[in-house]
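In full-length UniProt numbering, the protein residues as written are 1 to 59.
Worksheet: one structure, shown below.
Next comes the structure, spelled out in structure tokens:
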């Protein structure tokens, strides 16, 4: 996922494509690891995701 969230890769294309790829990765993790408490997982992961989103959105 770091590959898709790095500044040079994320900004080089439309943000919709970047978010689509990140969402696919997150959904894959959820299905693969069978994360029972999605809310807890997204609370822990969501902060980092939102911070990176804000950085891209400002550009």
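Beta carbons: idealized from backbone N, C-alpha and C, even for Gly.
Can you find the residues in the same chain that come closer than 7 Å, C-beta to C-beta, to residue 32, ignoring five residues on each side of it along the sequence?
none
Alpha-carbon to alpha-carbon, residue 42 and residue 34
13 Å
What's the C-alpha gap between residue 24 and residue 17?
Cα to Cα, the separation comes out at about 11 Å.
Do you know how far the Cα of residue 13 is from the Cα of residue 40?
31 Å
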